[in-house]
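Taken in order, the sequence shown gives residues 0 to 470; the numbers are from numbering that gives the first Met the number 0.
I have placed the structure first, in the form of structure tokens, so that the comments after it can refer back to it.
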Amino acid sequence: MKKTLTFIVCLLSLVAVQATASERCRDEVFLRRAYLTITGALPWPQACEKFLDSKDPNKREALIDRLLANELGVKYTQMRWGDILRIKSEFPSNLWPNGVQAYNRWIYEQLLNNVPYDKMVRELLLSEGSNFRSPAVNFYRGFQKRSPENFYANINLLFLGNRNCTDNGYLCFSQVKFKSTKEWKEEIIYIDYHQKLPWRKIELSDGTTLTLQAESDWREAYVSWLTSRENRRFAEVMVNRMWYWVFGKGLVHEPDDWREDNKPSNPQRLNQLTDFFVESGFDMRALMKKILMSDEFNSKAAPEGFYEPQRLPAEVIVDALASATGVWSTYSSRVPEPFTFYPQQTRATHLGDATVSSSELELFGKVSRDVSLESQRNNSITSRQLLYLMNSSVLENRLRKSVIVKKAGKENPNIETLADLITLRVLSRRATPQEKQLYKEYMEQNNLPITEAAIDIMWMQMNSNEFLYNH
0 MKKTLTFIVC LLSLVAVQAT ASERCRDEVF LRRAYLTITG ALPWPQACEK FLDSKDPNKR
60 EALIDRLLAN ELGVKYTQMR WGDILRIKSE FPSNLWPNGV QAYNRWIYEQ LLNNVPYDKM
120 VRELLLSEGS NFRSPAVNFY RGFQKRSPEN FYANINLLFL GNRNCTDNGY LCFSQVKFKS
180 TKEWKEEIIY IDYHQKLPWR KIELSDGTTL TLQAESDWRE AYVSWLTSRE NRRFAEVMVN
240 RMWYWVFGKG LVHEPDDWRE DNKPSNPQRL NQLTDFFVES GFDMRALMKK ILMSDEFNSK
300 AAPEGFYEPQ RLPAEVIVDA LASATGVWST YSSRVPEPFT FYPQQTRATH LGDATVSSSE
360 LELFGKVSRD VSLESQRNNS ITSRQLLYLM NSSVLENRLR KSVIVKKAGK ENPNIETLAD
420 LITLRVLSRR ATPQEKQLYK EYMEQNNLPI TEAAIDIMWM QMNSNEFLYN H
């Protein structure tokens, strides 16, 4: 397989020639971009052919609607929320598997049912009860230092983009208390209504004054202000975060670093989308569709600052290698509650627990979920990653064990049909005439049997920028 290096260089240069600027991206580019952005998964070959052959002028909108409501789409968004909410069994969150499972299920149901953003945040921040029976309370359990100041700092970071909050709004969370039960790792989060009121009025950094009432949940005053339609920053931060999830760069960048000297790159676009989001009733699915249907997302050569090629996240790359070959990685949790093996063909994007990992995921930069910053995910390409893809015996063995590759070689003795089948599976498009000619010449020059050619073609495509990046 190492002899294919020259072949790779030739084909990569061909791909670069094809990438000419145009006003609207080709259907195959949109198809792959939409699947990776919404679901974190490559489309199956049959789905590719159906979309590419369709003459429906509204097929892009129909595809977006279908993927946003799809299980894979919901699960991938759940993974993004899991990153910033730091969902992890062990240090530093110490939620333990039962808590992680319950927390993930709560997020999944919120997204599946398209619960409005303000309502979801409100339920999260006003939660109380058992970490197993009231899953949202795991938000408060996921802190190494359980103090009102720490809760408040994280809330400001997540929902207002403030990395440095100096006001005394943290007092609204000073009633939050914890107690254990006799159930293994169960914990009750409750509100101490008898706590002495420090003072009735609290002034926030934007000048807002909150009035606290004795023997009431003081969080209510803050959360009602935070999630109100009048608090525009609350909506802006989510709009910007979703823009970042789609394009890899926020209109305010970093997406969780809002300050006076870090202005939006396109204030008008941010205002338009924020108006839409608020008027929609904080409908996250409608907002995502609005962004995905935009000229920016549909463009081949978008204006600077809109669309940048992004190396696929660690979980997406590992899943793509697995789905292309049909040989899936196996995962297990080392946390003894009890020691757990995940079902066969579990996607890395569906693991839901940062404690569960693999050498492949670590290599490609799986996040540790130790902090709530979007920047914790590093999608830069490294020499170690490239060497792994080009030289790894693990990947070569996966290709050689692949029933999919063997079947493709046996059932497609013609190199042209074989090229289409593999390219649809790996790159979500049909092979070009130039590529087919290159494959044919390579096969003839090296006197390769068709199955060996199938392995080399798939391996080569997995090493291409077209595979490694969402472009």
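No residue lacks a Cβ here, since even glycine has one placed at the ideal position from N, Cα and C.
On a predicted model such as this, the values are computed, not experimentally measured, just so you know.
Contact set for residue i: own chain, Cβ-Cβ below 6 Å, skip 5 residues either direction
| i | result |
| --- | --- |
| alanine 430 | Ala418, Asp419 and Thr422 |
| serine 223 | none |
| glycine 160 | Val236, Asp255 and Trp257 |
| proline 439 | Note that residue 439 is lysine in the sequence shown here, rather than proline. Excluding residues within five positions, the ones whose Cβ falls inside 6 Å are Ile414. |
| serine 179 | Glu186 |
| glutamate 451 | none |
| tyrosine 341 | Tyr330 |
| glutamine 109 | Met119 |
Integer-rounded CB distance, given that residue j should sit under 8 Å from residue i
| i | j | result |
| --- | --- | --- |
| serine 401 | glycine 325 | 6 Å |
| leucine 66 | isoleucine 106 | So it is not a contact: roughly 18 Å between Cβ atoms. |
| asparagine 130 | glutamate 186 | 5 Å |
| aspartate 352 | isoleucine 86 | 7 Å |
| asparagine 297 | cysteine 24 | 6 Å |
| valine 236 | tryptophan 257 | 7 Å |
| asparagine 113 | arginine 284 | 5 Å |
| arginine 346 | cysteine 47 | Not really, about 19 Å apart at Cβ, beyond 8 Å. |
| serine 328 | glutamate 359 | 6 Å |
| proline 42 | leucine 51 | Not quite, the Cβ-Cβ distance comes to about 10 Å (not below 8 Å), so this is no contact. |
| tyrosine 221 | leucine 209 | 6 Å |
| leucine 35 | leucine 311 | 7 Å |
| leucine 388 | leucine 394 | 7 Å |
Same chain only: Cβ atoms within 7 Å of residue i, ignoring 5 sequence neighbours per side
| i | result |
| --- | --- |
| asparagine 239 | Gly249, Leu250, Val251, Pro254 and Leu269 |
| threonine 348 | Gly39, Lys74, Tyr75, Met78, Glu314, Val315 and Asp318 |
| alanine 453 | Val404, Ala407, Gly408, Leu417 and Ile421 |
| arginine 231 | Thr273 |
| valine 425 | Ala323, Met457, Gln460, Met461 and Phe466 |
| asparagine 167 | Ile201 |
| valine 136 | Ser126, Glu127, Gly128, Asn130 and Ile188 |
| leucine 398 | Thr324, Val404, Ile454, Met457 and Trp458 |
| threonine 207 | Trp224 |
CB contact flag (residue i, residue j, <9 Å)
| i | j | result |
| --- | --- | --- |
| valine 120 | phenylalanine 246 | no |
| methionine 459 | leucine 320 | no |
| arginine 218 | phenylalanine 177 | no |
| valine 334 | serine 88 | yes |
| glutamine 343 | leucine 362 | no |
| phenylalanine 138 | tyrosine 116 | no |
| leucine 59 | aspartate 82 | Correcting the residue type first, residue 59 is arginine in the shown sequence and not leucine. No, the pair does not count as a contact, with Cβ atoms beyond the cut-off. |
| aspartate 205 | glutamine 174 | no |
| leucine 225 | phenylalanine 158 | yes |
| glutamine 212 | arginine 199 | yes |
| leucine 286 | alanine 33 | no |
| lysine 435 | isoleucine 414 | yes |
| glycine 469 | glutamine 309 | Reading off the sequence shown, one finds asparagine at residue 469, where the question assumed glycine. Yes, the pair counts as a contact, with Cβ atoms nearer than the cut-off. |
| lysine 262 | isoleucine 63 | no |
| glycine 98 | proline 56 | no |
| leucine 111 | arginine 140 | no |
| serine 92 | arginine 376 | no |
| valine 28 | lysine 299 | yes |
For residue i, the first and last residue of its enclosing alpha helix (DSSP H)
| i | result |
| --- | --- |
| valine 73 | 70-83 |
| lysine 176 | That residue, lysine 176, is in no alpha helix (DSSP H); its beta strand (DSSP E) goes 175-179. |
| proline 96 | 95-111 |
| alanine 40 | Segment: none, alanine 40 is in no alpha helix (DSSP H) and carries neither H nor E. |
| serine 358 | 358-362 |
| glutamate 259 | From DSSP, glutamate 259 is part of no alpha helix (DSSP H); its letter is neither H nor E. |
| methionine 442 | 432-444 |
| glutamate 148 | 147-159 |
| threonine 422 | 414-426 |
| threonine 450 | 449-461 |
| lysine 400 | 392-400 |
| asparagine 464 | 464-467 |
| lysine 289 | 283-291 |
| asparagine 137 | 137-140 |
| proline 266 | 266-278 |
8 Å Cβ shell around residue i - same chain, five flanking residues per side excluded
| i | result |
| --- | --- |
| threonine 339 | Pro96, Ser331 and Ser332 |
| asparagine 153 | Phe142 and Ser371 |
| tyrosine 151 | Cys164, Gly168, Tyr169, Cys171 and Phe172 |
| proline 412 | Ile449 |
| leucine 123 | Ala135 and Phe138 |
Neighbour flag for residue i against chain E, beta carbons, 9 Å
| i | result |
| --- | --- |
| arginine 268 | No chain E appears in this structure, which consists of one protein chain only. |
Residue i beta carbon near the ligand FAD (any heavy atom closer than 8 Å)
| i | result |
| --- | --- |
| alanine 68 | This structure lacks the ligand FAD; in fact it carries no ligand of any kind. |
Runs of alpha helix (DSSP H) lying entirely within the region 173-240, each at least 4 residues, in chain order
218-225
Give the list of continuous alpha helix (DSSP H) stretches no shorter than 4 residues that lie fully inside the region 313-362.
313-324 and 358-362
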